[in-house]
Amino acid sequence: MSPTVSVVVVTYGRPESVRACLEHLERLDTPPLEVVVVDSTPADTTRRLVREEFPDVRLLHSTLGRGTTPESRQMGFAVTRGDVVAFVDDDAYAAPDWLDELIAPYADPDVVAVGGRADNGIPGEEHEGLDRIGRLLPDGRLTGSFAADPGRVVEVDHLLGANMSFRRSALDAIGGIRGNYPGTCLCEESDISLRLRATGGRLLYTPRAVVRHMAAPYGIGGKRFDRRYLYYARRNHLVMLVRNFGWRDPIVRRYARTTVRDQRDYLRTTARRLGPTKSDGTRRSLRKRVTAPVVLTRAVAELVGLAAGVPAAVRATRQDRAEGLATP
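Just so you know, we're using the numbering used here here: the sequence shown kicks off at 844 and counts up by one.
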């Protein structure tokens, strides 16, 4: 007998994306037990749309606002009833057989989580990174390659938040979903995966469970968002590693060293752009040369984010211990 499945969609400020996402869920070959939408937008636009057009969908409103994706996931998970809880992003549109393919690997009782493929519409992406899908590297970095299609189910270390699912009993056993991954919320889904992996459960990636990932725009964009993204990428990543492995684990130190070493790329780029000529021999404008050091602000954002991750990790680990959510 197949497990029952609850589907949770977390959203902020994307009513049109939510409409398309729910329309695709309505067209699934096998309908889920229930669909839950958690909206953290202050305005009522998305919630009004769901109430009027999708009356069978359970709607929750989070008052926590922007940058609280894991908290919204936990809110949705807490009210679901399915044996398996699946998460799709509001801009991820499921194929008709998505749910059937996603739950098939749960026939193995050792499987605690299953993720699927994200089709980003980029030519050739299905062939990229076939040997590095969802890996945790020795230096603490995470690989993605969740658009790759290896033609078979593969075991992984972490999953893509836009298309992932968990066995309810396994997620309950670790205390649910931890928060404290603010800003762009990077690494929040990887934290769930690494905690489950620490229990000895198997995490699988099945390329047959496909969503079309439209990558809807964030509420903010441009250069400021670019630097903000880099800041939270390093901050949240360090927090995730410390929460899952502890300060003394070599993987934390290796990640910090790798982050510092990576900044040399920005220095090389700046030095190259300061030169009077381009690689093709044409002259570089004075304006381009004068503004070349702006690239270094990206390095600053990453290093400041790494430094900010230290006190953030201290606070997060203390809170985890107090709430009984510390990784074993």
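Built from N, CA and C at the ideal position, the CB exists for glycine as well.
Range covered by the alpha helix (DSSP H) that runs through residue i
i: Arg891; result: 888-896
i: Ala1099; result: 1093-1105
i: His904; result: That residue, His904, is in no alpha helix (DSSP H); its beta strand (DSSP E) goes 901-904.
i: Glu1031; result: 1031-1041
i: Asp943; result: 941-946
Bridge partner(s) assigned by DSSP for residue i
i: Phe1009; result: Val928, Ala956
i: Asp962; result: Arg1055
i: Asp882; result: Thr854, His904
i: Leu985; result: Leu979
i: Glu998; result: Leu1047
i: Glu859; result: According to DSSP, which records beta bridges pairwise, Glu859 is partnered with nothing at all.
Cutoff 7 Å: residue i Cβ touching any chain C Cβ
i: Val1053; result: The chain inventory of the structure shown lacks chain C, comprising one protein chain alone.
Other residues of its chain near residue i: CB distance less than 7 Å, five sequence neighbours each side excluded
i: Pro1136; result: Thr1113
i: Arg1040; result: Asp1000, Leu1046
i: Asp872; result: Pro939, Asp940, Asp943
i: Val1102; result: According to the sequence displayed, residue 1102 carries Thr and not Val. Excluding residues within five positions, the ones whose Cβ falls inside 7 Å are Arg1077, Glu1145, Leu1149.
i: Thr923; result: Ser849, Val851, Glu877, Val879
i: Asp1092; result: none
i: Glu896; result: Arg862
DSSP-derived helix/strand/coil call for residue i
i: Arg909; result: coil
i: Val1138; result: helix
i: Glu971; result: coil
i: Arg1021; result: coil
i: Arg870; result: coil
i: Thr1113; result: helix
i: Arg1127; result: coil
i: Thr1170; result: coil
Contact set for residue i: own chain, Cβ-Cβ below 8 Å, skip 5 residues either direction
i: Val1095; result: Gly983, Leu1081, Leu1084, Val1085, Phe1088, Gly1089
i: Val893; result: Val861, Leu865, Val880, Asp882, Val900, Leu902
i: Arg1126; result: Pro1119, Thr1120
i: Arg803; result: The shown model of the chain, from 844 to 1171, leaves out residue 803, and the question about it has no answer.
i: Ala886; result: Gly856
i: Thr911; result: Ser883, Ser905, Gly1022, Pro1025, Cys1028
Residue i - containing beta strand (DSSP E), residue span
i: Ser849; result: 848-854
i: Val1053; result: 1045-1056
i: Asp934; result: Neither: Asp934 is in no beta strand (DSSP E) and is coded neither H nor E.
Own chain, CB closer than 6 Å to residue i, minus 5 neighbours either side, in chain order
i: Gly1022; result: Pro913, Glu914
i: Asn963; result: Ala990, His1056
i: Pro1154; result: none
i: Asp953; result: Arg1045
i: Leu1037; result: Asn1087
i: Val955; result: Arg1010, Ala1013, Leu1039, Gly1044
i: Gly1152; result: Arg1078, Leu1081, Val1082
i: Ser1008; result: Val927, Ala929, Leu945, Val957
Heavy atom of the ligand GTP within 6 Å of residue i beta-carbon
i: Val928; result: Only the bare structure without any ligand can be found here, which leaves the ligand GTP out of the picture.
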